[in-house]
Amino acid sequence: MAAHNLKHALFCAIVTLIISYPILGFNLASEGIDVTLEGAKTSTVLGVLLAALIVFLFQLYRDNIMGSLRQLPAVNPLANRKPMEQSKRLKLESTLLTLMIIGALIWPFIASRGAVDLATLVLIYIMLALGLNVVVGLAGLLDLGYVAFYAVGAYSFALLSQYFGISFWFALPIGALLAALFGLVLGFPVLRLRGDYLAIVTLGFGEIIRILLNNMTSLTGGPNGIGGIPDPTLFGMEFGRRVKEEGNTSFHETFGIAYSGEHKVIFLYLIALVLAVITAIAIRRLMRMPVGRAWEALREDEIAAKSLGLSRTAVKLSAFTIGAFFAGFAGTVFASKQGFISPESFVFLESAIILAIVVLGGMGSQMGVILAAIAVTILPELAREFSEYRMAIFGAAMVLMMVWRPQGLMPMRRIHIELKRQE
Amino acid sequence: MQDLLYFIQQLINGLTIGSTYALIAIGYTMVYGIIGMINFAHGEIYMIGAYTALIAITGLAALGIAWLPLVLIVALICAMIVSSSMGWAVERVAYRPVRGKHRLIPLISAIGMSIFLQNYVHLAQGSRNIGFPALIEGGFRFGAEDSFQTSITYMQITIFATTLVCMTILSLFISRSRIGRACRAVSQDLGMANLLGIDTNRIISATFVIGAALAAVAGLLLGMYYGSIDPLFGFIAGLKAFTAAVLGGIGSIPGAMLGGLILGVAESMTSGYLSGEYKDVVSFGLLILILLFKPTGLLGKPEVEKI
Chain D
2 MAAHNLKHAL
12 FCAIVTLIIS
22 YPILGFNLAS
32 EGIDVTLEGA
42 KTSTVLGVLL
52 AALIVFLFQL
62 YRDNIMGSLR
72 QLPAVNPLAN
82 RKPMEQSKRL
92 KLESTLLTLM
102 IIGALIWPFI
112 ASRGAVDLAT
122 LVLIYIMLAL
132 GLNVVVGLAG
142 LLDLGYVAFY
152 AVGAYSFALL
162 SQYFGISFWF
172 ALPIGALLAA
182 LFGLVLGFPV
192 LRLRGDYLAI
202 VTLGFGEIIR
212 ILLNNMTSLT
222 GGPNGIGGIP
232 DPTLFGMEFG
242 RRVKEEGNTS
252 FHETFGIAYS
262 GEHKVIFLYL
272 IALVLAVITA
282 IAIRRLMRMP
292 VGRAWEALRE
302 DEIAAKSLGL
312 SRTAVKLSAF
322 TIGAFFAGFA
332 GTVFASKQGF
342 ISPESFVFLE
352 SAIILAIVVL
362 GGMGSQMGVI
372 LAAIAVTILP
382 ELAREFSEYR
392 MAIFGAAMVL
402 MMVWRPQGLM
412 PMRRIHIELK
422 RQE
Chain W
2 MQDLLYFIQQ
12 LINGLTIGST
22 YALIAIGYTM
32 VYGIIGMINF
42 AHGEIYMIGA
52 YTALIAITGL
62 AALGIAWLPL
72 VLIVALICAM
82 IVSSSMGWAV
92 ERVAYRPVRG
102 KHRLIPLISA
112 IGMSIFLQNY
122 VHLAQGSRNI
132 GFPALIEGGF
142 RFGAEDSFQT
152 SITYMQITIF
162 ATTLVCMTIL
172 SLFISRSRIG
182 RACRAVSQDL
192 GMANLLGIDT
202 NRIISATFVI
212 GAALAAVAGL
222 LLGMYYGSID
232 PLFGFIAGLK
242 AFTAAVLGGI
252 GSIPGAMLGG
262 LILGVAESMT
272 SGYLSGEYKD
282 VVSFGLLILI
292 LLFKPTGLLG
302 KPEVEKI
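Going down the list, the protein sequences come from chains D and W. Residues in the first sequence are numbered consecutively from 2, following this note's numbering. Residues in the second sequence are numbered consecutively from 2, following this note's numbering.
What follows is the structure, encoded as structure tokens:
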């Protein structure tokens, strides 16, 4: 244990104390206009001291700890395992996907209403994450304002139904195309920008859309949002107890079954499921088409891709527009699921959550993104008592992920051939 | 005459806000100048500075110390120490391990850090906004008694003066001191500076510490100026400051000052003549336009793309 280690460890421990004690150790409480200071609970103070001690000990024995950690992978039998063979892996993946879809189809008939509702939300997030995966994972464009396209989809359905009485099935393509149009119009000028500038501009765009929705009160209802968004119908059959629109019949009367609120929830879930599967398949196909390969080529090496005759703007624009299109899709479903939307649902944090799903799942990998979307949406529901820590854990997970496993939990693997070494 | 007074009032308000933006923007611009990453968590460090200052002020008030200069100086020093430590720790934990990897990786790590810090303060101090005592009150007024009066509050004068002092010290520090010279060397060529025996890791830490300290100053000043703080107020301020840094040319310290002032004036003119709700739209719109038409900013150097 060298002397500089001790000095460094002391320094780190003191910094830990400085950054945690003032914020955690004192609580500001406001009574009227007066602000008073209260000491925190003893447990918090002890926790802070313990944290400082842990940091101190870790930094002191850092070399030893890191050394023994490095030996751990040798103990782990999975670490040196050979990657699975290409054909085997593909087979496994498609079996898994089929099983998942079958499970998803059975799900609404065995689960409770709340669980089906949550599953619909998961599917919406899957759609969003798959769409963003095209932009961030495949094309390598960091879009921090993705939620804006989601908002465009949701608001176009809400407004179209409010002013023109357009039904869900017409609004679905219109919302998606409008979102795609927004993507195209925004993308055209900004895609020339370098990676991190692009991130900030898209963030700014997302905020602008939200502020406009908030302030154009006469059109969008401002912060109060828009309510009374109609439910989707099944070939003109409505799912309410009574038929709202002339000429429609109601679902339970047509089939002669008792009315149940669950029908609507299940129907919405199935719509979301079908759309999510369509999204996944469409993007899977696109990935293998020339345009999909061009996205990845541009992500890997812009200059090389340009020298091979790819148009940078066209390729980036296609990724951006397609991503926006699926966000619009998801937005329409979201609007009809909630029946009410307001700018509250489209804040920057939502963009960050979708981005986190993509990052956690492994940029570019569809399977990983789907699993991450399920995990990120369901885990907070399961751990309700920790719900206030949710976002803090979320942020920390994003950082740790980038430090330890930037390729994500299930990184994308391309079909490739490895050359055998000549003996 | 009235219109002129109104205009001058907006100008003063804009310059006040703008000079605090400039203080925050220094952190963005220095970090970007050296390691080429956007420190997304910088707005949160500014917010933490404001919280620490408020904790120090209320703590002193509880102890019965009310002599204004002492209170302000103690609050300032506390805020600077806590924010700087935070800046140092954030760099150490979230940025150093991912340095040199693909561009998006540090940025995502920074976004994660920003979310984490927001919620750290949120958990510790609650999400409601807390009143910040206006310690400096009063001001000068110009104009006829019965019509619109232009006023400059002592608070605004304090903000100008503090910003000016901080910027002067910073410029002297960058141009004269050993660390400042090393900073400039590292921002020109990190690898070469390393070869010449500069401890680049220490210099990078130092830029984070300096940026965070200036953000803490801005936190104290803006906390007093606005009169209330909450865990989310760092986010928008951070974005504005980043806009200011880009506007002036990212990587350039005088540029950050200029960009901050222009942005502040543009914002206060929007709220003065159009509507307060659209001031964020104007500043983000300004950012988009600048990036589209002059990505190097007003005072920035064009970047040469090396193959």
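Every residue, glycine too, gets a C-beta built ideally from N, C-alpha and C.
Shown in chain order are the members of the region 383-396 of chain D whose Cβ falls below 8 Å from a Cβ of chain W: E389, Y390, M392, A393, F395, G396.
Below the 7 Å Cβ cutoff, chain D contributes M392, A393, G396 as neighbours of W/N120, in chain order. If you compare the alpha carbons of W/L264, W/L6, W/G34 with that of W/K302, the shortest gap goes to W/G34.
Proximity of W/D281 to chain D, defined by a Cβ-Cβ separation below 8 Å, is satisfied. When Cβ pairs closer than 8 Å are counted between the two stretches, the region 279-289 of chain D is seen not to touch the region 349-362 of chain D, the count staying below three. Distance from W/G15 to W/E268 at the Cβ level is roughly 6 Å; contact confirmed, criterion being Cβ atoms closer than 8 Å.
Nearest CB-CB separation between D/Y198 and chain W: below the 8 Å threshold. Partner residues in the beta bridge of D/A30, as assigned by DSSP, are D/T37.
Secondary structure note for D/G154: its alpha helix (DSSP H) is the uninterrupted segment 147-165. Among the residues of the region 259-286 of chain W, those with a Cβ less than 9 Å away from any Cβ of chain D are S276, E278, Y279, D281, V282, S284, F285, G286, in the order of the chain. W/I131 carries a strand assignment under DSSP once its states are collapsed to helix, strand and coil. Here the C-alpha atom of D/V49 lies approximately 21 Å from the C-alpha atom of D/L401.
Contacts with chain W (Cβ-Cβ distance below 7 Å) from the region 12-42 of chain D involve V16, I19, I20, P23, I24, L25, F27, N28, L29, S31, I34, V36, T37, L38, listed in chain order.
DSSP, reduced to helix, strand and coil, places D/T234 outside both helices and strands of the structure shown, so it counts as coil. Taking a beta-carbon distance threshold of 8 Å, D/P233 does not count as an interface residue toward chain W. For W/R142, the secondary structure class from DSSP, reduced to helix, strand or coil, is strand.
Closest in alpha carbon position to D/R193, among W/F294, W/A90, W/L5, W/C79, is W/F294. A distance below 7 Å between beta-carbons, with the five flanking residues on each side excluded, links W/A245 to the following residues of its chain, in chain order: Y22, A23, A26, A257, G260, G261, L264. Its Cα nearest to that of W/G250, the residue W/P296 stands out among W/L215, W/P296, W/I237. D/I272 counts as buried, since at least 16 other C-beta atoms from the protein chains shown sit within 10 angstroms of its C-beta. W/T151: member of the beta strand (DSSP E) spanning 151-154, first to last residue. At a cut-off of 8 Å between beta carbons, D/G369 makes no contact with chain W. Below 8 Å, enough C-beta pairs join the region 69-88 of chain W and the region 216-227 of chain W to call them touching: three or more. In the DSSP annotation of this structure, D/I227 is not part of any alpha helix (DSSP H), being labelled neither H nor E. The Cβ atoms of W/I39 and W/Y29 lie closer than 8 Å to each other. W/M2 and W/G212 have their C-alpha atoms spaced approximately 42 Å apart. For W/T297, there is no enclosing alpha helix (DSSP H), since its DSSP letter is neither H nor E. For W/A95, there is no enclosing alpha helix (DSSP H), as DSSP marks it with neither H nor E.
Sequence-distant partners of W/I9 (beyond 5 residues in either direction) whose C-beta falls short of 7 Å from its own C-beta, in its chain, are T151. For W/L77, the nearest beta carbon of chain D is not closer than 8 Å to its own beta carbon.
Counting only the Cα atoms, W/F41 lies some 28 Å from W/A162. Among the CB atoms of chain W, one or more fall inside 8 Å of the CB of D/G205.
DSSP places W/I230 in the strand class (E or B) of the three-state scheme.
According to the DSSP assignment, D/W170 belongs to the alpha helix (DSSP H) that extends over 169-191. With its beta carbon at least 8 Å from every one in chain W, D/L311 lies outside the interface. Restricting attention to W/V187, W/G139, W/I49, W/V94, the CA atom closest to the CA of D/L25 is found in W/I49.
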